[in-house]
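What follows is a set of notes on a single structure, which appears directly below.
Now the structure itself:
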């Protein structure tokens with residue numbers, strides 16, 4: 001299901017109204033994405049963090065089904081070895097699509113934290129906080 005070119009996983013519509021003493025209208029309608037069947041591929045997932053900071057891994061993965069449809073499925077990630085968060089580098093984090101045996105891998109990039117505060121990065125931080133600039137995330 002798409003609206004203005006944007007894919008929708010689910011939609012909730014709630015509408016209430018009355019006319020005099022009579023009540024009419026929708027209370028709630030929920031559309032849920034149908035299961036596409038057997039998963040053929042899972043899109044690559046990437047995440048970043050800084051040294052010493054536990055990463056925020058995505059809870060959903062984009063999947064392609066054998067029937068050529070696409071969807072999103074919830075992921076359960078394996079535990080992350082805390083020692084990898086102590087040094088800069090790229091690491092693979094494993095997981096599975098919930099209720100399946102389909103494996104998922106996230107490439108986690110651990111970066112050094114910039115400790116230098118200068119006018120440019122302070123200005124960018126302020127713009128992010130006040131909503132004038134957005135942070136791009138890669139999944």
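In UniProt numbering, the protein residues as written are 1 to 139.
Even for Gly, the Cβ is constructed at its ideal location relative to N, Cα and C.
Quick caveat, the model's predicted, so the values are computed rather than measured.
Assigned exposure category for residue i - 16 Cβ within 10 Å defines buried
i	result
residue 61	buried
residue 129	exposed
residue 131	exposed
residue 119	exposed
residue 93	buried
residue 73	buried
residue 202	As displayed, the chain neither begins before 1 nor continues past 139, which places residue 202 out of reach and without an answer.
Alpha carbon of residue i to alpha carbon of residue j, nearest angstrom
i	j	result
residue 95	residue 103	6 Å
residue 97	residue 75	5 Å
residue 126	residue 39	43 Å
residue 91	residue 55	12 Å
residue 124	residue 113	15 Å
residue 51	residue 43	26 Å
residue 63	residue 86	32 Å
residue 66	residue 35	11 Å
residue 134	residue 83	30 Å
residue 70	residue 100	16 Å
Opening and closing residue of the beta strand (DSSP E) in which residue i lies
i	result
residue 143	Nothing about residue 143 can be reported from this structure: the residues present for the chain run from 1 to 139 only.
residue 71	70-77
residue 48	45-50
residue 67	From DSSP, residue 67 is part of no beta strand (DSSP E); its letter is neither H nor E.
residue 38	Per DSSP, residue 38 belongs to no beta strand (DSSP E) and is neither H nor E.
residue 111	103-111
Residue i - containing alpha helix (DSSP H), residue span
i	result
residue 125	119-129
(request) Inspect the CB distances between the stretch 104-115 and the stretch 42-56 and report whether three or more fall short of 8 Å. (result) yes
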